[in-house]
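>
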Amino acid sequence: MSKKKLNNFEDLGGFVFSTNDNFEYENNEEIETLSPKNQQLEAHFSNKGRAGKTVTVIKGFIGSEQDLKVLGKLLKTKCGVGGSVKDNEIIIQGNYRNKIIEILTKKGYNVKRIGG
Numbered sequence: 000m001s002k003k004k005l006n007n008f009e010d011l012g013g014f015v016f017s018t019n020d021n022f023e024y025e026n027n028e029e030i031e032t033l034s035p036k037n038q039q040l041e042a043h044f045s046n047k048g049r050a051g052k053t054v055t056v057i058k059g060f061i062g063s064e065q066d067l068k069v070l071g072k073l074l075k076t077k078c079g080v081g082g083s084v085k086d087n088e089i090i091i092q093g094n095y096r097n098k099i100i101e102i103l104t105k106k107g108y109n110v111k112r113i114g115g
């Protein structure tokens with residue numbers, strides 16, 4: 000499991016003090032994955048910061064990183080394209096927003112179309 004980057008004290012869940020220069024905080028807290036009907040996902044279309052390439056971004060998943068990767072793999076397989084999962088988002092190459100909304104709705108997820 001990859002280590003999450005900690006940007007501020009709130010990310011630690013409390014205050015940690017160490018005089019050890021090599022100290023690294025390990026967050027062993029596992030997030031419980033909500034059922035599909037309780038998820039509020041957002042389907043975004045984007046091409047900013049990607050050299051003009053269009054992608055579909057799925058945001059709002061609440062759950063473990065492993066479950067997010069499984070959902071990302073399902074969407075990539077159903078759309079027949081590449082993509083990635085990072086920063087708690089699923090990124091699918093190309094504009095497949097309508098198809099992804101249809102797939103996720105059939106799986107029981109609540110999906111909201113965001114943007115044009």
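Start counting the sequence shown at 0; every next residue gets the next number (numbering that gives the first Met the number 0). Glycine is no exception: its CB is placed at the ideal position from the N, C-alpha and C atoms.
Would you mind listing the beta strand (DSSP E) stretches within the region 18-102 that are 3+ residues and don't spill past its ends, in chain order?
39-45, 54-58, 82-85 and 88-92, all fully within the region 18-102.
> Tell me where the beta strand (DSSP E) around K111 begins and ends.
That run of the beta strand (DSSP E) goes N109 to I113.
> Can the beta-carbon of I57 be found less than 7 Å from the beta-carbon of L40?
Yes, these two residues count as a Cβ contact at 7 Å.
> Below 8 Å, how does it come out for the region 98-107 and the region 62-69: are there three or more Cβ pairs, yes or no?
Because the criterion of three Cβ pairs below 8 Å is not met, the region 98-107 and the region 62-69 do not touch.
> Please report how far the alpha carbon of S45 lies from the alpha carbon of K75, in whole angstroms.
Using only the alpha carbons, I get a separation of about 17 Å.
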